[in-house]
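Visitor:
Numbering (this note's numbering), first residue to last: 1 to 144.
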């Protein structure tokens, strides 16, 4: 099979592209992306890990993403990752951050932390309690 030069150029141009998510279907782990004048059909959203250990994320409508298409074939395209478009959660590159946008994260399994955990200003390691009574009574909430 031989491809003419224009078809080869088109395919090479489609291998990696940046576009904007226009709709999301979490049930099929897929989204539609607008790339220039083209809106893709639902394409799979790549995950960091999808085997025994899994990390799940879905892009948001309006999010900028990178789309990879093997051999430039958009029928095989996958969303590879997100690309910040002036909306990075921090300007400090030395401190990793997860911004859940007011949402929550669910972890199925144990978490082991070697340092402190601070939630709403309360240290898990160094907090104190009020209302301490001898015996089997419960204490009050942690002091802030």
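For every residue, glycine included, the Cβ atom is placed at its ideal position computed from N, Cα and C.
Find out if the Cβ-Cβ distance for the pair residue 54, residue 47 is shorter than 9 Å.
Guide: Contact flag set, yes.
Visitor: Between 112, 123, 60, 37, which lies nearest to residue 29 when the distance is taken from Cα to Cα?
Guide: With distances taken between Cα atoms, residue 29 lies closest to 60.
Visitor: Give the straight-line distance between the Cα atoms of residue 37 and residue 70, rounded to the nearest whole angstrom.
Guide: Roughly 20 Å separates the two Cα atoms.
Visitor: Can you tell me whether residue 31 is buried or exposed? The criterion is at least 16 other CB atoms within 10 Å of its CB, across all chains shown.
Guide: The residue is buried, with at least 16 neighbouring Cβ atoms inside 10 Å.
Visitor: Does the pairing of the stretch 69-83 with the stretch 6-18 give three or more beta-carbon distances under 8 Å?
Guide: With a cut-off of 8 Å, the stretch 6-18 and the stretch 69-83 count as touching, because enough Cβ pairs lie within range.
Visitor: So what does DSSP say about residue 133, is it helix, strand or coil?
Guide: Residue 133 falls in the coil class under three-state DSSP.
Visitor: With distances taken Cα to Cα, identify the nearest neighbour of residue 143 among 82, 132, 78.
Guide: Minimum Cα distance to residue 143 is reached at 132.
Visitor: Measure how close the beta-carbons of residue 35 and residue 51 come, nearest whole angstrom, since I'm counting them as under 8 Å.
Guide: Rounded, the Cβ-Cβ distance is 29 Å, inconsistent with contact.
Visitor: Going by DSSP in three states, residue 9 sits in which element: helix, strand or coil?
Guide: Helix at residue 9.
Visitor: Closest to residue 27 by C-alpha separation, out of 5, 40, 56, would be which residue?
Guide: Considering only alpha carbons, the answer is 56.
Visitor: DSSP has residue 33 in a bridge; who is on the other side?
Guide: According to DSSP, residue 33 bridges with 21.
Visitor: Near residue 140, what residues of its chain come up, given a Cβ to Cβ distance below 7 Å and the 5 sequence neighbours on each side ignored?
Guide: Excluding residues within five positions, the ones whose Cβ falls inside 7 Å are 129, 130, 131.
Visitor: I'd like the span of the beta strand (DSSP E) that includes residue 105, first residue to last.
Guide: Per DSSP, residue 105 belongs to no beta strand (DSSP E) and is neither H nor E.
Visitor: Please report the distance separating the alpha-carbon of residue 86 from that of residue 24.
Guide: If you take the alpha carbons of residue 86 and residue 24, they lie about 22 Å apart.
Visitor: Return the chain-ordered list of same chain residues with a C-beta closer than 6 Å to the C-beta of residue 66, the five sequence neighbours on each side being excluded.
Guide: Cβ within range, chain order: 18, 80, 81, 83.
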